[in-house]
Each structure stands twice: as structure tokens, then as C-alpha cells.
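Chains as they are written, first to last, in my numbering: chain A, 63 to 371; chain B, 63 to 371.
Notes follow once the structure below has been shown.
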DNA sequence: TGCTTATCTCGGAATTTGTGATGTTATTGT
DNA sequence: ACAATAACATCACAAATTCCGAGATAAGCA
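Okay, here's the thing in C-alpha cells:
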């Protein structure tokens with residue numbers, strides 16, 4: 063590796079100018095550095111490449127021209143490598159790989175994309191639904207560029223922005239007696255049969271909500287998908303506590319559900335966006351910004367239900 | 063130029079091994095050097111390229127793999143540049159450019175080439191007849207790889223091997239009265255009308271040969287090509303003094319000439335081979351060797367005439 | 001002959017690269 | 001749960017390299 067790119071650059075610009083001094087001026091270095099770069103190239107190949115004529119500058123011989131051509135080619139490749147690398151960071155092209163543990167992500171992600179991706183763009187999205195741990199592992203392993211996940215239970219090494227804190231709300235069938243109240247209490251909920259969203263963090267979180275209550279709601283069903291929970295509720299199998307809300311009250315089963323805030327003061331779940339905050343690719347940066355803006359404006363009033371509103 | 067080839071090499075071998083330690087072992091450097099090389103590459107693009115997991119080694123993310131691929135490509139190009147450069151020096155391919163001030167070069171150069179070039183080879187010969195100064199200028203300017211020239215009057219900066227020292231000989235028509243002598247003397251020559259080879263060094267050299275004689279040969283003609291001199295001699299216009307001898311006594315005019323050594327002790331002309339002796343291309347080196355061997359063996363007995371033989 | 005324009009040389013300064021020791025973190029086996 | 005092990009991270013220092021600047025040298029030019 064004695065022959066460095068720097069030496070090649072000095073060498074080629076010197077040949078280009080036919081003068082060590084001029085090359086040095088253009089490169090903003092001392093002439094002796096250029097001279098020694100030429101020496102280095104010649105030493106590398108153990109060939110005389112340049113005829114140095116005092117007071118007349120330098121001139122390549124045939125082999126020198128040949129080597130210079132090859133070096134310039136390599137330098138071109140190098141420059142385009144740098145440019146491609148910069149593109150990788152700066153451009154809006156490429157693949158954006160997102161892992162999410164956010165059951166209602168379909169309710170907002172399309173709108174986020176709309177905000178920062180042109181209608182026709184060179185971006186390929188890779189969306190992967192997973193659980194909180196998989197998401198964090200994937201981010202740390204470089205599988206995902208960004209993850210949407212629940213900040214409760216975040217690993218120390220993950221960098222993230224908080225998008226929204228979502229307090230729990232109560233979900234009931236449209237025929238439920240509590241449907242006419244503006245808010246419900248945990249005490250009221252505790253008497254209802256409950257459909258529990260049985261996913262990593264959620265299950266213990268919902269469990270914890272009852273810890274200050276004298277009685278706990280009986281569990282009518284466990285289901286590990288949000289839509290199954292909603293549909294079971296709509297079908298009258300029980301009620302549920304969830305945190306984030308799709309934009310429709312209709313469910314897969316055909317019947318609607320009704321959501322009401324809970325008046326008790328309860329810990330919310332935090333939806334967070336994890337990504338490389340120190341040096342993100344441009345597209346990741348833009349995605350993060352779009353997420354933040356989405357939840358700073360339209361988001362909160364649509365996907366969460368708060369009793370303080 | 064912050065991103066050096068070395069950094070790229072360390073980076074790519076680290077990714078290849080999935081381990082900084084193993085890469086360091088292979089590269090025979092400290093692990094910290096590899097680690098910092100990775101840092102350099104990441105800093106250059108301001109991107110996270112590698113996930114470093116303690117106790118488990120390293121793993122590239124998508125961008126890292128991308129960059130690594132590009133870097134490996136550049137390294138490949140670099141390696142082939144080095145190889146091509148080495149070929150330039152070592153291989154028998156390419157163009158061999160020879161300038162010569164040696165009027166009878168056609169008498170021996172073909173045999174020299176036979177000795178070191180395979181019947182079918184990738185070598186292109188560029189042979190250029192010129193005078194002594196042009197030859198030396200061309201060598202210094204890199205126009206020629208090697209020159210055959212007369213060492214008398216050599217520039218100080220030219221490196222050369224002496225191929226043969228050629229004493230002057232006497233050339234006469236086949237009908238000449240002196241043809242039956244084994245040798246002739248300068249005193250005898252001084253009475254003959256002379257055909258003088260009128261070329262840069264030769265003219266003054268032949269002039270000088272008479273300086274110790276009481277009388278000088280009358281000049282019947284000046285001619286600036288050897289074959290014209292020989293043909294004039296064959297046609298009976300006079301005699302000549304030359305130094306090197308073709309392998310035929312026939313001349314273009316159709317008649318033969320007869321050569322005889324001169325018994326006086328006279329300064330010879332030195333045929334020399336000038337080239338880059340410090341770091342020649344392989345093919346130039348080989349050519350030089352072939353020239354030396356040619357004149358060390360078959361050459362002296364064929365192209366020169368000595369009265370000492 | 002003297003002036004100008006170049007390259008060459010060389011010592012020392014600045015920068016970069018590499019080392020080795022030490023610390024931190026994660027995995028693995030008991 | 002704990003110890004042993006395997007990696008990577010960091011840091012101060014050493015080594016090597018690069019670069020500068022000043023003088024020396026050589027060639028062209030008037």
C-alpha cells in the first residue's frame with residue numbers, strides 16, 4: 063500500500079500541468095511534496111516515469127503517461143465512490159426499512175409517507191410488523207433504519223424520539239350501557255369482562271392498570287392482535303382497554319365499537335421512533351421529521367383519546 | 063482524501079471476517095487500528111455502517127454492505143493497477159522504442175531481436191534512425207526506451223553500456239591495387255581520394271584520424287549515408303574509412319567493396335547502448351542484455367574489423 | 001554574464017498511523 | 001447467579017509519514 067491515492071493525485075496533476083510548481087499551487091501544498099509524490103510513484107513501480115528538466119518543468123515518458131492514465135482512472139473511481147457514499151446519506155433514494163410494534167400503524171404511517179415522499183419517488187419502503195424486542199434488535203443489528211415502538215421497556219443503547227404519549231381508553235360495543243357516559247372510571251371497567259391484548263408489553267401494562275383497584279376485571283379473552291380484540295368487543299364478548307385508536311370505529315366483524323376516555327389518572331404508553339440520531343441517512347432523517355410533525359399536529363387528536371381534552 | 067485505501071482495506075477485511083480482532087490478526091496490526099479505520103470510513107460518509115456488538119464481533123448494516131462493496135471494487139481496481147504497473151516493468155509486452163545512430167544497425171539489430179523476442183510476441187518495435195544528439199535528447203525526454211549511439215560525445219547525464227569499440231577500417235573497390243594487402247597504413251590511405259561519411263560525429267572523427275599524418279587524403283565526395291559511401295566506393299569514385307561493417311560486401315550499386323584493417327594505432331569509435339539502467343522496464347533490460355551478449359559473442363568478429371585479429 | 005524559472009535536497013515540524021494497556025460489555029458454561 | 005472468556009472501545013504514547021520552507025542546483029533566456 064505504498065502507493066497512496068494522494069500520491070496518485072499529486073502525480074497526475076503534476077503531469078497534467080507539466081510542472082511541479084504549478085501542480086503544487088493548484089493543490090495548495092509545497093512543491094517538494096509533489097516532487098516526492100512523483101518519486102513515490104516511480105519507486106512503487108521501480109520505473110522512470112517522468113523526465114524532470116530543470117527550468118523547463120516535467121514531462122512524462124510513455125510509461126509515465128500509461129501509469130498516469132491508470133491512476134486517473136482509479137481516482138475517478140474513487141471520486142465516484144465518495145459521491146455514491148454521499149448520495150447514500152443525502153439522497154432520497156434507496157430503501158427505507160421500518161420495523162414497527164404499533165398495532166394501529168396502518169392508521170397513520172400512510173399519511174406520514176404522504177408528507178415526505180413525492181408521489182413518484184425512488185424510495186422503496188420495507189415495512190415489517192414485529193414486537194418491541196424484535197424491533198429494537200433489528201435496529202441495533204442494522205436490519206431496520208427506523209423502528210416505531212413502545213418506549214416503556216426501551217434498551218439503554220437505543221436512541222429515540224417520543225412521538226406521542228397515549229393514555230389508555232375504554233372500548234365497548236355500541237350497545238353497551240356505559241356508551242352514554244363521556245368518560246368511564248377504572249372502577250366501572252373492573253366490573254366488565256375484559257378482552258386483553260396479549261402482546262409483550264401490553265399484557266403486563268394492562269394488568270398493571272388495575273393494581274390500585276380493589277377488584278380486577280375478569281378476563282373474557284386474550285387475543286394477540288388489535289383487530290381481534292376490537293372485533294371481539296364489537297361482537298359483544300366483552301370490553302377492552304387500548305391506547306391507540308384507528309380512524310374508524312368499524313371492525314372486521316362488521317359492527318362498530320365505541321371508545322371513551324378513562325377519567326382515572328393512569329400511566330400512558332409512549333409511542334417512540336428509534337433510529338440513528340447521530341448520523342442518519344437523509345431519508346431516515348426526513349422520515350423521523352415527518353413522524354414528529356405528524357404527531358405534533360394532526361396525530362394527537364386522532365389516534366389517541368385523552369380524558370383531559 | 064480522508065478516506066485512504068488503507069482504511070478501506072481494513073474496513074473491508076473487518077467486515078469480511080465479521081470481527082475486528084480477526085481482521086487485525088490477518089492484517090498483522092493492532093485491533094485498535096482496525097477499529098479506527100472503521101471509524102474513519104463511517105466519519106467520511108457520516109453514516110453508521112457497522113453494528114459493533116461486544117463479545118460478538120461486528121456486523122454491517124445495509125449501508126455498510128453497500129459501502130463495503132464499493133470499497134472492494136476500488137481495491138480490486140487498485141490491485142490491478144499495481145499489477146499492470148508491474149507488468150509494465152516486468153513483462154515482455156508493450157512497445158520498445160529504440161532510437162539509433164548506427165548506420166549499420168540493420169546488420170545486427172534483427173539478430174539481437176531474434177535472441178530475446180519469441181517468434182510471436184506482444185512486443186511492438188519502434189525503430190528510429192536519427193543522429194547522435196537526437197538519440198540522446200530522445201532518451202532524456204522519454205521518447206526512446208533505449209538508444210544505440212556513439213559514446214564519443216556522450217552527455218554526462220546519459221547512462222550507457224559500451225557494446226563494442228570499432229576501430230576504423232579501409233574500404234576500397236574490388237579492383238583497387240591495395241586489395242591484396244592484409245592491412246593498409248594511414249600513409250597509404252592518405253594518397254587515395256576519399257569518400258567521407260558526412261554525419262555529426264563521423265566527419266570530425268575521420269578528419270582527426272589524419273592529424274598525425276604529413277598529408278591528408280583528398281576528399282572526392284561527402285555523403286551522409288553509409289550506403290551511399292559504400293556504393294560510391296564500389297563504383298570506383300574513391301576509398302573510404304568506416305568503422306562498422308555490414309555482413310555483405312555487396313552494395314546497392316551492384317558491385318562489391320573490400321574492407322581491410324588499418325595497421326596504425328587509431329582511436330576507435332564506441333558503439334554504446336543508452337537506457338535507464340537504474341530501473342528499466344523488463345523488456346528494455348532484456349534488450350540491453352541481448353545487445354551485450356550479441357556483441358560479446360558473434361558481434362565483434364562480424365561487424366568490426368581489427369588489425370589485431 | 002546575470003536573471004529567471006524550475007526542480008532537488010534536507011532538516012525539522014505537523015499530522016497521521018499504529019501499539020499496548022486498560023476498561024467495558026455481552027456471551028457461555030457451570 | 002457467577003466466573004471465565006471473547007470482543008470492542010478508549011487512551012496515552014511511539015513510530016512513521018507527510019509537509020513545509022530554505023537553500024542549492026541546473027537550464028533557459030536576454
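Note that beta-carbon positions come from the ideal geometry of N, C-alpha and C, so glycine has one too.
Every value quoted in this text rests on a predicted model; they were computed, and no experiment measured them.
*Express the C-alpha separation of residue 66(B) and residue 105(B) in angstroms, rounding to a whole number.*
Rounded to the nearest angstrom, the two C-alpha atoms are 12 Å apart.
*asked:* Give me, in chain order, the residues of the same chain whose beta-carbon lies closer than 7 Å to that of residue 223(A); leave out the 5 immediate sequence neighbours on both sides.
replied: 334, 335, 350 and 354
*Is DSSP giving residue 288(B) helix, strand or coil here?*
Three-state result, residue 288(B): helix.
_First through last residue of the alpha helix (DSSP H) which encompasses residue 272(A)_ = Counting along the chain, residue 272(A) sits inside no alpha helix (DSSP H), nor does DSSP assign it H or E at all.
*Return the first residue and the last residue of the alpha helix (DSSP H) that residue 235(A) is part of.*
Segment 231-235 is the beta strand (DSSP E) holding residue 235(A); no alpha helix (DSSP H) there.
*Quick one: which unbroken beta strand (DSSP E) runs of 3-plus residues sit fully inside the segment 163-207 of chain B? Chain order, please.*
185-191
*Under 7 Å between C-beta atoms, does residue 139(A) make it to chain B?*
yes
*Interface residues of chain A around residue 121(B) at Cβ under 7 Å?*
203 and 204
_Tell me which residues share the same chain as residue 280(B) and place their Cβ nearer than 6 Å to its Cβ, disregarding the 5 neighbours each side in the sequence._
255
*Counting only beta-carbon atoms, is residue 375(B) nearer than 7 Å to chain A?*
Because chain B is modelled from 63 through 371, residue 375(B) falls outside the range shown and cannot be assessed.
*Can you tell me whether residue 360(B) is buried or exposed, with buried defined as 16 or more other CB within 10 angstroms of its CB?*
exposed
*asked:* Distance cutoff 7 Å, beta carbons only. Does residue 341(B) sit that close to anything in chain A?
replied: yes
_Contacts that residue 113(B) makes with chain A (C-beta to C-beta distance below 7 Å)_ = The answer, in chain order, is 202, 203 and 204.
*What are the partner residues of residue 121(B), as DSSP defines its beta bridges?*
113(B)
*Determine whether the Cβ of residue 184(B) lies closer than 7 Å to any Cβ atom of chain A.*
no
*Alpha carbon to alpha carbon, how far is residue 187(A) from residue 92(B)? Give it in angstroms, no decimals.*
40 Å
*Any idea which residues DSSP pairs residue 93(B) with across the strands?*
According to DSSP, residue 93(B) bridges with nothing at all.
*From residue 201(B) to residue 86(A), what distance separates their C-alpha atoms?*
Each residue's Cα considered, the two are about 27 Å apart.
*CB residue 296(B) to CB residue 313(B), shorter than 7 Å?*
yes
_Quick check: what's the CA-CA separation for residue 371(B) versus residue 218(B)?_
Low confidence applies to residue 371(B): its pLDDT is 46, below 50, so where it sits in the model is not reliable, and the reading given next is rough at best. Cα-Cα distance, rounded: 33 Å.
_Reference residue 242(B); option with closest CA among 330(B), 154(B), 323(B) and 158(B)_ = 323(B)
*Partners in chain B for residue 128(A), counting only beta-carbon separations shorter than 9 Å*: 146, 147, 150 and 156
*asked:* Measuring straight from C-alpha to C-alpha, what distance separates residue 79(B) and residue 153(B)?
replied: 35 Å
*For residue 223(A), which beta-bridge partners are listed by DSSP?*
According to DSSP, which records beta bridges pairwise, residue 223(A) is partnered with 335(A).
*So residue 315(A) and residue 234(A) are in contact, right, with Cβ under 8 Å, and what is the actual spacing, rounded?*
Residue 315(A) to residue 234(A), Cβ: 14 Å. No contact.
*Flag residue 234(A) as yes if its beta-carbon sits less than 7 Å from any beta-carbon of chain B, otherwise no.*
no
*State yes or no: is the C-beta of residue 155(A) within less than 7 Å of the C-beta of residue 107(B)?*
No, these two residues do not count as a Cβ contact at 7 Å.
*Compare the C-beta of residue 82(A) against all C-beta atoms of chain B and say whether one is closer than 7 Å.*
no
*Kindly indicate if chain A contains any beta-carbon less than 7 Å away from that of residue 338(B).*
yes
*Could you check the C-alpha separation between residue 76(B) and residue 136(B) for me, to the nearest Å?*
16 Å
*Could you spell out the range, first to last residue, of the alpha helix (DSSP H) harbouring residue 344(B)?*
Per DSSP, residue 344(B) belongs to the alpha helix (DSSP H) from 344-358.
_For residue 64(B), list the residues DSSP reports as bridge partners._
Paired residues: none, contrary to the question.
*Per DSSP, which one or two residues make a beta bridge with residue 306(B)?*
366(B)
_Assumed close pair residue 210(A), residue 164(A) - CB separation to whole angstroms, cut-off 8 Å_ = About 5 Å separates the Cβ atoms of residue 210(A) and residue 164(A), confirming a contact at the 8 Å cut-off.
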